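Student:
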Amino acid sequence: MNKLLIVGTVAFDAIETPFGKTDKILGGAATYIGLSASFFNLQSAIVSVVGDDFPQEYLDLLTDRNIDISGLEVVKGGKTFFWSGRYHNDLNSRDTLDTQLNVLADFQPKVPENYKNSDVVMLGNLHPLVQSGVLDQMTTKPKLVVLDTMNFWMDCALPELLEVIKRVDVITINDEEARQLSGEYSLVKAAAKIQEMGPKYVVIKKGEHGALLFNKGNVFFAPALPLEEVFDPTGAGDTFAGGFAGFITQSENVSFENMKNAIIYGSNLASFCVEKFGTERMVSLEKDEVVSRLKQFKSLTQFDIEL
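With the numbering used here applied, the sequence shown has no gaps in its numbers, which climb one by one up to 399 at the end.
#1: So, is V383 buried or exposed, given that buried needs 16 or more other C-beta atoms within 10 angstroms?
#2: Count the other C-beta atoms from every protein chain shown that fall within 10 angstroms of the C-beta of Q394, then say buried if there are 16 or more, exposed otherwise.
#3: Where V166 and T155 are concerned, what is the direct C-alpha to C-alpha distance, given to the nearest angstrom?
#4: So what's R178 in DSSP terms, helix, strand or just coil?
#5: Please give the ranges of any alpha helix (DSSP H) in the stretch 247–318, keeping only runs that are unbroken, at least 4 residues long and fully inside the region.
#6: Quick one: grab the DSSP three-state call for F199.
#7: Rounded to a whole number of angstroms, what is the C-alpha to C-alpha distance between K387 and K113?
#8: Judging by CA-CA distance, which residue of L164, K235, F111 is the nearest neighbour of T101?
#9: Tell me, please, which residues DSSP counts as bridged to R186.
#10: Buried or exposed: G119, going by 16 or more other Cβ atoms within 10 Å of its Cβ?
#11: Can you have a look at C365 and say buried or exposed, based on whether 16 or more other CB atoms are within 10 angstroms of its CB?
#12: Is L239 helix, strand or coil by DSSP?
#13: Does the beta-carbon distance from K292 to F332 come in below 8 Å?
#14: On a Cα-Cα basis, can you pick out the residue from G299, F173, L273 that is closest to L319?
#15: According to the neighbour-count rule (16 or more other Cβ atoms, all chains shown, within 10 Å of its Cβ), is L196 buried or exposed?
#16: Verify whether the separation of the beta carbon atoms of V256 and L273 is less than 8 Å.
#17: Determine which residues share a DSSP beta bridge with A106 and list them.
#18: Pick out whichever of L236, D144, E252, R178 has its Cα sitting closest to the Cα of K92.
#19: Check each candidate in E344, P110, T241 and name the one with the smallest Cα separation from P234.
#20: Terminal residues of the continuous alpha helix (DSSP H) containing Q135?
#21: Given Y277, which residues of its chain have a CB within under 7 Å of its CB, disregarding the five upstream and five downstream residues?
#22: When you compare only the Cα positions, how much space is there between F369 and E108?
#23: Would you call the stretch 121–141 and the stretch 248–265 touching, i.e. three or more CB-CB distances under 8 Å?
#24: Since V203 and V139 should fall inside the 8 Å C-beta cutoff, what is the C-beta to C-beta distance between them, to a whole number of angstroms?
#25: Grouping DSSP H, G and I as helix and E and B as strand, with all else coil, what is S224?
#26: Secondary structure at I54, three-state DSSP: helix, strand or coil?
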């Protein structure tokens, strides 16, 4: 069975949207990626850090999904990373109310020995030096390295970010971040510039407007499924990344054609994530629901036209 190594935050979130608010709930990039990837036939492990305030029930939730947590460090006397945010009415923009790095501030990643030869490495949103530190520990070159990042690292750790970007095959960022990283407004030009930085493939996420995949002169667009209700967009991008990386790991195919399918699988899983607060929907999600919605995606994007 193929191996997927997941790097990212395991955290507490407190979220406020026009539909309600939560106290501290389970969150973090690696959590969403891991839950999403658990719908595929693969072995996965999370590399992250939490404090001893992190509940055993959350650890059990991850292991129940066959996610290896031997690389999840628990710091005695430490506090888990915490993020709090408030979404605006359109749910496309948000304000960060509080960020507490806590144990994440001094995190030194330790890749489990039996995952140093992973087929796919998914570098979730974290400091670029942590992402590089994981790649340094791999004993064999992965078939695919996927990196997710955000504008925060472009603002405060750009040289380190550019160094790790050189080492990856795929980068996934949203449209605003693609424009900031490249200095180009046109997403086609932005993707071309980012490919010059190192990645062969650029995935630009556009939220409710779908996702774009670029590779040299090839472009693929996948729509987002129109939903009656979007409750909380937190973690949707990470869920997308988990579906993308999970499908690639399972299928052992890193071609552009197969990545089109990976984009659809990622979009499909992300469409569930936004239906409830935090990880709640991903925890209750069943495989038959995933398959049923994939059929909806297929009918949404398939057409016959005479040329």
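Ideal placement from N, C-alpha and C gives every residue a C-beta, glycine not left out.
Please read these numbers as outputs of a predicted model, since none were measured by experiment.
Tutor: Reading from the atomic positions:
#1: What you label residue 383 is simply residue 291 of the sequence shown in a count that begins at 1. V383 is exposed by the Cβ-count criterion.
#2: Along the sequence shown, one-based indexing puts residue 394 at 302. By the neighbour-count rule (16 or more Cβ atoms within 10 Å), Q394 is not buried but exposed.
#3: The residue labelled residue 166 in the question sits at position 74 within the sequence shown. The residue labelled residue 155 in the question sits at position 63 within the sequence shown. Computed Cα separation, rounded: 15 Å.
#4: Here residue 178 refers to the residue found at position 86 of the sequence shown. In the structure shown, R178 sits in a strand (DSSP, three-state: E or B).
#5: 250–257, 267–274, 279–288
#6: For the purposes of this step, residue 199 is identified with residue 107 of the sequence shown, where counting begins at 1. Note: F199 maps to coil in three-state DSSP.
#7: Translated into the one-based positions of the sequence shown, residue 387 becomes position 295. Translated into the one-based positions of the sequence shown, residue 113 becomes position 21. Rounded to whole angstroms, K387 to K113 spans 32 Å at the Cα level.
#8: Indexing the sequence shown from 1 puts residue 101 at position 9. For the residues L164, K235, F111, the minimum Cα distance to T101 belongs to L164.
#9: Counting from one through the sequence shown, the residue named residue 186 turns up at place 94. In the DSSP output, where bridge partners are listed per residue, R186 has Y179.
#10: Position 27 of the sequence shown, counting from 1, holds the residue named residue 119. Label assigned to G119: buried.
#11: Taking the first residue of the sequence shown as 1, we reach residue 365 at position 273. Buried, because 16 or more other Cβ atoms sit within 10 Å of the Cβ of C365.
#12: Start at 1 with the first residue of the sequence shown, and residue 239 comes out as number 147. Strand at L239.
#13: Taking the sequence shown and counting its residues from 1, one reaches residue 292 at position 200. Taking the sequence shown and counting its residues from 1, one reaches residue 332 at position 240. Taking 8 Å as the Cβ cut-off, K292 and F332 do not qualify as a contacting pair.
#14: Working through the sequence shown from its first residue, we reach residue 319 at position 227. Nearest of G299, F173, L273 to L319, Cα basis: G299.
#15: Numbered from 1 along the sequence shown, position 104 holds the residue referred to as residue 196. Under this definition L196 is a buried residue.
#16: Taking the first residue of the sequence shown as position 1, residue 256 is located at position 164. Taking the first residue of the sequence shown as position 1, residue 273 is located at position 181. Against a cut-off of 8 Å, the Cβ pair of L273 and V256 comes out as no contact.
#17: Counting from one through the sequence shown, the residue named residue 106 turns up at place 14. Paired residues: S176.
#18: Residue numbering for the chain in the displayed model covers 93 to 399; residue 92 lies beyond these limits and cannot be assessed.
#19: In the sequence shown, the residue the question calls residue 234 occupies position 142. Comparing Cα-Cα distances from P234 to each of E344, P110, T241, the minimum goes to E344.
#20: Position 43 of the sequence shown, counted from the first residue, corresponds to residue 135. Segment 135–143 is the beta strand (DSSP E) holding Q135; no alpha helix (DSSP H) there.
#21: For this step, residue 277 is matched to residue 185 along the sequence shown. Excluding sequence neighbours, Y277 sits near R271.
#22: Along the sequence shown, one-based indexing puts residue 369 at 277. Along the sequence shown, one-based indexing puts residue 108 at 16. Straight-line Cα distance between these residues: approximately 9 Å.
#23: no
#24: What you label residue 203 is simply residue 111 of the sequence shown in a count that begins at 1. What you label residue 139 is simply residue 47 of the sequence shown in a count that begins at 1. Rounded, the Cβ-Cβ distance is 6 Å, consistent with contact.
#25: In the sequence shown, residue 224 corresponds to position 132, counting from 1. Three-state result, S224: helix.
#26: Because the chain spans 93 through 399 in this model, residue 54 falls outside it and cannot be assessed.
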